[in-house]
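A.B. asks: According to the working numbering, the sequence shown holds residues 3 to 146 in order. Using N, Cα and C, we set each Cβ at its ideal position, and we do this for glycine too. Since the structure is predicted, the reported quantities are computational estimates derived from the model, not experimental observations.
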Amino acid sequence: MSSIKQLQVTFDCAEPERVARFWSEVLGYVVPPPPEGFTTWDDFNRSLPPEDQGSWSVCKDPSGVGPRMYFQRVPEGKAAKNRVHLDVRDGTGLVGEERLAVLEAECARLVALGAVRVQLLRADGVNEFCIAMQDIEGNEFCLD
């Protein structure tokens, strides 16, 4: 039996490069170098047929620990709540008002990048505070 070596998270979206830039800023990720033989991603994109130009983008964890993020253009818009969402873990190990202050500060940074704050999910004795949010194309995620 083989084991999984890597995990990639794939997003369907309308504007792959824009969404990739957003998530790069959220996670501290970087865009990898363009394919061999191309100086820039723009050069690579211009080499593709017009219908394929800008059809996907990627970003990755510069440390190599986190999953690669892949963004692919699809013709349909988002129609319903995500069945899977990301938890951006910024308050790990913190509790109470200290946790809430850290999450609120990060929420403000993400809103400035184009995210939408949906609601604060209050601590309930089992779970700590988290903030439900949406990325720039409406994909739900939690700031946890």
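Using alpha carbons as the reference points, say which of R75, G39, V128 lies closest to E2.
C.D. replies: Any question about residue 2 goes unanswered here, given that the chain covers just 3 to 146.
A.B. asks: Quick one: what's K150 bridged to in DSSP?
C.D. replies: Only positions 3 to 146 of the chain appear in this structure, which leaves residue 150 out of reach.
A.B. asks: Is it the case that the Cβ atoms of E139 and V21 are separated by a distance below 8 Å?
C.D. replies: For E139 and V21, yes; Cβs fall inside 8 Å.
A.B. asks: To the nearest angstrom, how far is the alpha carbon of L105 from that of G93?
C.D. replies: Approximately 6 Å between the Cα atoms of the pair.
A.B. asks: Looking only at DSSP bridge pairs, what is L122 linked to?
C.D. replies: Bridge partners of L122: I133.
A.B. asks: So, does the CB of P36 fall closer than 8 Å to a CB anywhere in chain D?
C.D. replies: Of the protein chains in this structure there is only one, and it is not chain D.
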